[in-house]
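Here's the structure, in structure tokens; my notes come after.
Protein chains: 2
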Amino acid sequence: MSDGTLARRSLLKSLPLLAAGAAMMGSTSESVAAETPENERAPVTYLPVSAQKQFFSNKEAIKGKAYESFFNPKLEVPTADALALQLGPLDKADCLTPSVADLNRLIDPAYKSPKQGYAVLEGSTAYVQNRMVFPGATAEMLRWWFTWHPIERERYMLWFPQAHIENSVKDPARLANKNLSYEDRIYDNPNYVKELVGPAPMELLIRFTDPAKLGFDAGAFKRAGFTANASGIVGPAQATDVINSMMIHIGRDVDGGMELVSRYWIGAHPELRRFAGAEKAAGMMQKVGFNDQVAEMTAYELAVHDMIEFNHLASILPALYERFGQE
Amino acid sequence: MSDGTLARRSLLKSLPLLAAGAAMMGSTSESVAAETPENERAPVTYLPVSAQKQFFSNKEAIKGKAYESFFNPKLEVPTADALALQLGPLDKADCLTPSVADLNRLIDPAYKSPKQGYAVLEGSTAYVQNRMVFPGATAEMLRWWFTWHPIERERYMLWFPQAHIENSVKDPARLANKNLSYEDRIYDNPNYVKELVGPAPMELLIRFTDPAKLGFDAGAFKRAGFTANASGIVGPAQATDVINSMMIHIGRDVDGGMELVSRYWIGAHPELRRFAGAEKAAGMMQKVGFNDQVAEMTAYELAVHDMIEFNHLASILPALYERFGQE
Numbered sequence: 001m002s003d004g005t006l007a008r009r010s011l012l013k014s015l016p017l018l019a020a021g022a023a024m025m026g027s028t029s030e031s032v033a034a035e036t037p038e039n040e041r042a043p044v045t046y047l048p049v050s051a052q053k054q055f056f057s058n059k060e061a062i063k064g065k066a067y068e069s070f071f072n073p074k075l076e077v078p079t080a081d082a083l084a085l086q087l088g089p090l091d092k093a094d095c096l097t098p099s100v101a102d103l104n105r106l107i108d109p110a111y112k113s114p115k116q117g118y119a120v121l122e123g124s125t126a127y128v129q130n131r132m133v134f135p136g137a138t139a140e141m142l143r144w145w146f147t148w149h150p151i152e153r154e155r156y157m158l159w160f161p162q163a164h165i166e167n168s169v170k171d172p173a174r175l176a177n178k179n180l181s182y183e184d185r186i187y188d189n190p191n192y193v194k195e196l197v198g199p200a201p202m203e204l205l206i207r208f209t210d211p212a213k214l215g216f217d218a219g220a221f222k223r224a225g226f227t228a229n230a231s232g233i234v235g236p237a238q239a240t241d242v243i244n245s246m247m248i249h250i251g252r253d254v255d256g257g258m259e260l261v262s263r264y265w266i267g268a269h270p271e272l273r274r275f276a277g278a279e280k281a282a283g284m285m286q287k288v289g290f291n292d293q294v295a296e297m298t299a300y301e302l303a304v305h306d307m308i309e310f311n312h313l314a315s316i317l318p319a320l321y322e323r324f325g326q327e
Numbered sequence: 001m002s003d004g005t006l007a008r009r010s011l012l013k014s015l016p017l018l019a020a021g022a023a024m025m026g027s028t029s030e031s032v033a034a035e036t037p038e039n040e041r042a043p044v045t046y047l048p049v050s051a052q053k054q055f056f057s058n059k060e061a062i063k064g065k066a067y068e069s070f071f072n073p074k075l076e077v078p079t080a081d082a083l084a085l086q087l088g089p090l091d092k093a094d095c096l097t098p099s100v101a102d103l104n105r106l107i108d109p110a111y112k113s114p115k116q117g118y119a120v121l122e123g124s125t126a127y128v129q130n131r132m133v134f135p136g137a138t139a140e141m142l143r144w145w146f147t148w149h150p151i152e153r154e155r156y157m158l159w160f161p162q163a164h165i166e167n168s169v170k171d172p173a174r175l176a177n178k179n180l181s182y183e184d185r186i187y188d189n190p191n192y193v194k195e196l197v198g199p200a201p202m203e204l205l206i207r208f209t210d211p212a213k214l215g216f217d218a219g220a221f222k223r224a225g226f227t228a229n230a231s232g233i234v235g236p237a238q239a240t241d242v243i244n245s246m247m248i249h250i251g252r253d254v255d256g257g258m259e260l261v262s263r264y265w266i267g268a269h270p271e272l273r274r275f276a277g278a279e280k281a282a283g284m285m286q287k288v289g290f291n292d293q294v295a296e297m298t299a300y301e302l303a304v305h306d307m308i309e310f311n312h313l314a315s316i317l318p319a320l321y322e323r324f325g326q327e
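For the record, the sequence lines run as chains F and W.
In case it helps, this note's numbering puts the first sequence at residues 1 to 327.
In case it helps, this note's numbering puts the second sequence at residues 1 to 327.
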């Protein structure tokens, strides 16, 4: 990512947008995004070959499962979101770092940011942000989803039928134990996932973690109304002593549904070093060639992946919970 | 591409498709494609980072050109086409080779094939097919386009504002000479192009060639009504003694517009060896690691590129010709 790109983007953002309904010709890509009605949805028009093939294999795997009818190949995303992600990386001023201070900015009622976007931050860190509402869903449904789906890999496939491959948890009995609290079921119970991000498979170990241990102020978190948390620190599944990512997924009930706020940082960002293992990230990322350019492509691919999978989950979650929520 | 994938695809194709309007849940990806109305169009939901950046640079380059108002960032494709390309590679029985016999099958009125698709053929050859109608356009407009746009690189950018980078022709004066026939202007007048196919830049030298020299029967070509030809043999711009591709773009006037029929073969297909330089393709492709897997990804990326660029050209060509057709 060059400063030139950022400068161009800032310049473009400062230009007055054409009025909605302006003639097709002469519109800018920013005006196309801005003119798109907020509720317009588009079918996903691009799917890497590896994901095309994964779909057929997942379709076989899920046959006969009680939830097979929820395996829906139809991927749709908000048109405005897909177009906004095509405007190049975010201005750095619109990004958060993984610092404790920035985590608390995220839940500050005064905090404003673009709905979604991607960028490269310090330490060749791929950064993604997103904020969306699941219509007709609740934070309780999201909590249920994160205790229910890792029990079987085929449940994980419902979430993104073309890109989700494997999923397991260290102690499935504890995750499934309804006599325990959500926190006791999911924290310190590492979740292995294998998924295609863009065309490439990623194998990750997700450590879901209490928000306070990540750096959120517990009181502020509660006051902001967040009651669902699927945030964690993450590293490659092949090197379990290395932490190179933090992922934030926090949910709260709002008018009309559940609001999900997400952030991802993948790289050797210095602010991750408060987590044991993150001191090894820089060496590992350098060894695999994860430079700024790779980070930028990864950030965009992850932003697209996140947009697809959470819009897809939103489209099935209320009905899935209705049918299996007591399991 | 494994035989297993092809077998799965054949199997799926033989299953009865769900009726249009079936419940969202339980539909297959093939039924989603089949249920989509033919005239439904979708915004392109994915654009590689390199193309996002190229757009801003092209937007600067085109400023002040008489045709700047035709530089339209809004990319739309037929929804059914985008979804059909996500079903995996075509069955080989649905593909044509670059042989003389298959070129003549292509213009045989009895020939039927899927509207578009991609595959890998012999010699790790990336294969793409497409057939579409430009509403309100004529074959004459397409002929004009291929004599007009290579004169300035910025004209080439109109065609795909996010992916077209450079364009020039060996003898621009001859290409622009309206006292010569189309054939005398464009044949034996190599066209250099640089464009992003997927995320990667390709630099090619296109030799537009008389259909009869490619292998079409001239009488059959005329009887089938084709009056526009922008077909040619193609090689890397960096190695002008090597031919590793053939590209077919032939157009004819039909009810409502112009029908464009396209085919691409990129690789060391043995049937290309009738063209001098193609005997060097196998060695070169092997050197750059162009195996079956790379060919398959290239074929899908090229299919997406072709779908976007020709739908985009269709959206501007009649008005562009109206304004500049006498140049």
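Idealized CB from N, CA, C, for every residue including glycine.
**OP:** With a cut-off of 8 Å on the beta carbons, I'd call W/P150 and W/N167 a contact; round off their distance for me.
**Re:** Contact between W/P150 and W/N167 holds: CB atoms are separated by about 5 Å, below the 8 Å threshold.
Subject >> Within-7 Å CB hit, F/G26 to chain W >> reply: With a pLDDT of 41 at F/G26, under the threshold of 50, the modelled position of this residue cannot be trusted, and the question is left open.
**OP:** Tell whether a beta-carbon distance below 7 Å holds between W/V128 and W/Y264.
**Re:** Closer than 7 Å, so yes.
Original post:
Considering only the beta carbon of each residue, do F/V49 and W/T45 sit closer than 7 Å?
Top reply: Taking the C-beta atoms as reference points, W/T45 is found no nearer than 7 Å to F/V49.
**OP:** Please check if any C-beta of chain F sits within less than 7 Å of the C-beta of W/T125.
**Re:** Closer than 7 Å: no.
**OP:** Would you kindly work out how many angstroms separate the C-alpha atoms of W/I62 and W/G136, rounded to a whole number?
**Re:** Between W/I62 and W/G136, the C-alpha separation is close to 26 Å.
Original post:
Between which two residues does the alpha helix (DSSP H) containing F/Q129 stretch?
Top reply: Premise fails: F/Q129 lies in the beta strand (DSSP E), T125 to P135, not in any alpha helix (DSSP H).
Subject >> Validate contact between the segment 184-195 of chain W and the segment 139-150 of chain W using beta carbons, cut 8 Å, 3 pairs >> reply: They touch, by the three-pair rule.
Subject >> Option in F/Q238, F/N244, F/A200 and F/S262 with minimal Cα separation from F/Q286 >> reply: Among F/Q238, F/N244, F/A200 and F/S262, the Cα nearest to that of F/Q286 is on F/N244.
**OP:** Run down chain F in chain order and give the residues with a C-beta less than 9 Å from the C-beta of W/M297.
**Re:** P48, V49, S50 and P199, listed in chain order.
Original post:
From W/V120, W/F55, W/Y67 and W/L75, pick the residue whose C-alpha is nearest to that of W/F310; which is it?
Top reply: The shortest Cα separation from W/F310 among W/V120, W/F55, W/Y67 and W/L75 belongs to W/L75.
**OP:** Evaluate the contact criterion for the segment 247-260 of chain W versus the segment 269-278 of chain W: three or more CB pairs, one atom per stretch, below 8 Å.
**Re:** No, because fewer than three Cβ pairs between the segment 247-260 of chain W and the segment 269-278 of chain W fall closer than 8 Å, the two stretches do not touch.
Original post:
Between F/P236, F/E327, F/K213 and F/V261, which lies nearest to F/I107 when the distance is taken from Cα to Cα?
Top reply: The option with the nearest alpha carbon to F/I107 is F/V261.
Original post:
Going along chain W in order, which residues have a C-beta closer than 9 Å to the C-beta of F/A42?
Top reply: Correct list: A42, P43, V44, T45 and T79.
**OP:** Please name the residue, chosen from F/M307, F/F55 and F/P199, that lies closest to F/R41 on a Cα-to-Cα basis.
**Re:** Looking at F/M307, F/F55 and F/P199, the one whose alpha-carbon comes closest to that of F/R41 is F/M307.
**OP:** Could you tell me which residues DSSP pairs with W/P236 in its beta bridges?
**Re:** Under DSSP, W/P236 takes part in a beta bridge, and its partners are W/L204.
Original post:
How about the segment 76-94 of chain F and the segment 110-128 of chain W: do they share at least three Cβ pairs that are nearer than 8 Å?
Top reply: With a cut-off of 8 Å, the segment 110-128 of chain W and the segment 76-94 of chain F do not count as touching, because too few Cβ pairs lie within range.
Subject >> chain W within 7 Å of F/G257, Cβ atoms only >> reply: The C-beta of F/G257 comes no closer than 7 Å to any C-beta of chain W.
Original post:
In three-state DSSP terms, what is W/D94?
Top reply: Note: W/D94 maps to helix in three-state DSSP.
Original post:
So what's F/F226 in DSSP terms, helix, strand or just coil?
Top reply: F/F226 falls in the strand class under three-state DSSP.
Original post:
Going along chain F in order, which residues have a C-beta closer than 7 Å to the C-beta of W/V304?
Top reply: Result: Y46.
**OP:** Reducing DSSP to helix, strand and coil, say where F/P114 ends up.
**Re:** If DSSP states are grouped into helix, strand and coil, F/P114 belongs with coil.
Subject >> Opening and closing residue of the beta strand (DSSP E) in which W/V77 lies >> reply: Element bounds for W/V77: E76 to P78.
Original post:
Along the segment 83-116 of chain F, what residues have a CB closer than 9 Å to any CB found in chain W?
Top reply: Those residues of the segment 83-116 of chain F that come within reach of chain W (Cβ to Cβ, closer than 9 Å) are L83, L85, Q86, L87, G88 and P89.
Subject >> Nearest candidate by alpha-carbon position, reference F/A200, set F/K53, F/T36, F/E38 and F/E60 >> reply: Minimum Cα distance to F/A200 is reached at F/K53.
**OP:** Kindly list, in the order they appear in chain F, the residues whose Cβ is closer than 7 Å to that of W/Y156.
**Re:** For a Cβ distance threshold of 7 Å, nothing in chain F lies close to W/Y156: the least Cβ distance comes to about 18 Å.
**OP:** Can you tell me the Cβ-Cβ gap for W/N229 and W/M157, rounded? I've got them flagged as a contact below 8 Å.
**Re:** Between W/N229 and W/M157, the beta carbon gap of about 24 Å keeps them out of contact (Cβ cut-off 8 Å).
**OP:** Compute the distance between the beta-carbons of W/E195 and W/I165, then report whether it is under 7 Å.
**Re:** Cβ distance < 7 Å, so W/E195 and W/I165 count as in contact.
Original post:
Closest Cβ-Cβ distance between W/H312 and chain F: below 7 Å?
Top reply: No, no contact with chain F.
Subject >> Spatially closest choice to W/E154 from W/E38, W/V288, W/E271 and W/N72, by CA coordinates >> reply: The candidate whose alpha carbon is nearest that of W/E154 is W/N72.
**OP:** State the CB to CB distance for the pair W/Y300 and W/Y118, rounded to an integer number of angstroms; the pair is presumed to be in contact (CB under 8 Å).
**Re:** Right, the Cβ-Cβ distance comes to about 5 Å (below 8 Å), so this counts as a contact.
Subject >> Per DSSP, cross-strand counterpart(s) of F/V254 >> reply: In the DSSP assignment, F/V254 is bridged to F/G257.
Subject >> Delimiting residues of the alpha helix (DSSP H) encompassing F/I308 >> reply: From DSSP, the alpha helix (DSSP H) with F/I308 extends over D292 to F324.
Original post:
Could you check where the alpha helix (DSSP H) with F/L272 kicks off and where it finishes?
Top reply: That residue, F/L272, is in no alpha helix (DSSP H); it is neither H nor E in DSSP.
Subject >> Min CB distance W/Y300 to chain F below 7 Å >> reply: True, the Cβ-Cβ gap to chain F drops below 7 Å.
**OP:** Report the residue from F/F324, F/A51, F/G283 and F/Q293 whose alpha carbon sits nearest the alpha carbon of F/F160.
**Re:** Answer by Cα proximity: F/A51.
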